[in-house]
Amino acid sequence: MESDRLLPIHRPLPKKHVREVRFLVPVTTRLDEVRAEITAIAESSASANDLMRSMVKLLHDKMLKYNWVGFYMLEPGAQPPVLVLGAFEGAMTPHTRIPLNQGICGAAASSGQTVVVDDVSKDSRYLACSLETKSEIVVPVFAHGKVVGELDIDSHFPAAFAAQDQDFVQHCAMLLGKKLEATGA
Ligand code: SME
């Protein structure tokens, strides 16, 4: 009979010695980390403008594929309505004022829906900001149930915005909406 203690190492282990090993690794992704960081910043920001500046910087610095990050806000009282570029990080864009009937930005603001474009070269609505941009996400910001602006992110990578990114960017837009409501801005 084989001794349990003196198994020769060149022989395969008998079945009775093999146990299933499961590793309990905490599944914390980059998105989870940045989401927690942004949620904390939203709580401590004194104003919506402070939050917008911090948010675009953090998203641009920490998310590899978020190569241009900016807010467009509806100009109060403008008729016809127009989106005006606010805080942003990335290359300067020629599109500082966008009417609601133009661009991916106009489409998101006028529909109140998130728009994800995996390949901007195939979307006739797309207004080019940089030749390097391959994909884009635009998420409306709501305050008191109305669209007041949007968070726009461009990527140098095609199809950069998966379902998790969409959920994450919507969370960021929601944080700004809540801050606008709380500060009466
Ligand atoms: N691409 C946007 C315009 C904004 S720039 O990308 C920064 C659009 O199609 O509306």
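Numbering-wise, the sequence shown is residues 7 to 191 according to our numbering. Every residue, glycine too, gets a C-beta built ideally from N, C-alpha and C. These figures come from a predicted structure and were not determined experimentally.
| Asked | Found |
| --- | --- |
| Closer than 6 Å: G109 CB and nearest the ligand SME heavy atom | yes |
| Stretch-stretch touch, CB-based, cutoff 8 Å, three pairs: the stretch 132-146 with the stretch 97-111 | yes |
| Segment contact flag, the stretch 76-95 with the stretch 146-157, C-beta cutoff 8 Å, min 3 pairs | yes |
| Span of the alpha helix (DSSP H) around D171 | A169 to T189 |
| C-beta contact flag for A93 and A191 at 7 Å | no |
| Integer Cβ distance of K68 from S161, believed to fall under 8 Å | Not a contact, Cβ separation roughly 14 Å. |
| Assigned secondary structure, K152 (DSSP; H/G/I helix, E/B strand, else coil) | strand |
| Nearest-angstrom Cα separation, counted from Q170 out to E39 | 13 Å |
| Residue ranges of each beta strand (DSSP E) within the stretch 59-119, 3 or longer | 74-80, 88-95 and 103-105 |
| Delimiting residues of the beta strand (DSSP E) encompassing V121 | V121 to V123 |
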